[in-house]
Structures are given as C-alpha cells and as structure tokens.
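Residue numbers (this note's numbering): 5 to 94.
Backbone N, C-alpha and C define an ideal beta-carbon position, used for all residues, glycine too.
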Amino acid sequence: MQNIEIKVKTDDLRLIEKKLVRLFASRVGVIKQKDTYIAVPFGRLKLREQSGRKYCELIYYQRPNHNRSRISIYNIIRIPAGEKKSYLNH
5 MQNIEIKVKT DDLRLIEKKL VRLFASRVGV IKQKDTYIAV PFGRLKLREQ SGRKYCELIY
65 YQRPNHNRSR ISIYNIIRIP AGEKKSYLNH
C-alpha cells in the first residue's frame, strides 16, 4: 500500500482550516495514539497503539528523508494488544 504524506508548519491554523473547507474536507475527530519506533536495518518500523482499540498495529514503511510531500510505501499487521510486548522485546 502507499500514501502521500504532507506535513505543514503554520502560524495561521485558521487559514489552513479555510483551505481545507474549500476542498470539502471535514473534521472527523481526534485520534489519540502512541507510536513506538523500533530500529531496523532498512526502512522504518513502529508499533502504533490507539485508545479504544483492542489491537495494535505493527507498521513497516519506507519513505524518503526530505521536507517536501512524499510517498510512503507501507504494510500494516494488526496484533492483539496483549501481545505487543513480544514484538518490542525482540
């Protein structure tokens, strides 16, 4: 799978919100999550925990290191929340 990641710094959040409304975007809500990054020889690996879920996501991804918009190629594996320690201890 792949997505396009765009991160923007701004001093005017209202301006960004106005632009998003013009693009027909709507606010869905707030997601509380915790990412734990795991060292791997190639690419990136993180364990994502989100409040209210009975599972975690092990996410492997590759993307360039630059400040422009960028394509990420990724794979996600869902694991039961009770098994997360076994993934972090290896």
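Contact between the region 41 to 56 and the region 8 to 18 is not established, with fewer than three Cβ pairs separated by less than 8 Å. Nearest C-alpha to Glu87 among Asn69, Leu51, Pro68 and Gly56: Leu51.
The residues Arg82, Ile83, Pro84 and Ala85, in chain order, have a CB closer than 8 Å to that of Tyr59 in the same chain once the five nearest residues on each side in sequence are set aside. Only residues of its own chain outside the window of five on either side were considered, and among them Gln6 and Gln66 have a CB closer than 6 Å to the CB of Ile77, listed in chain order.
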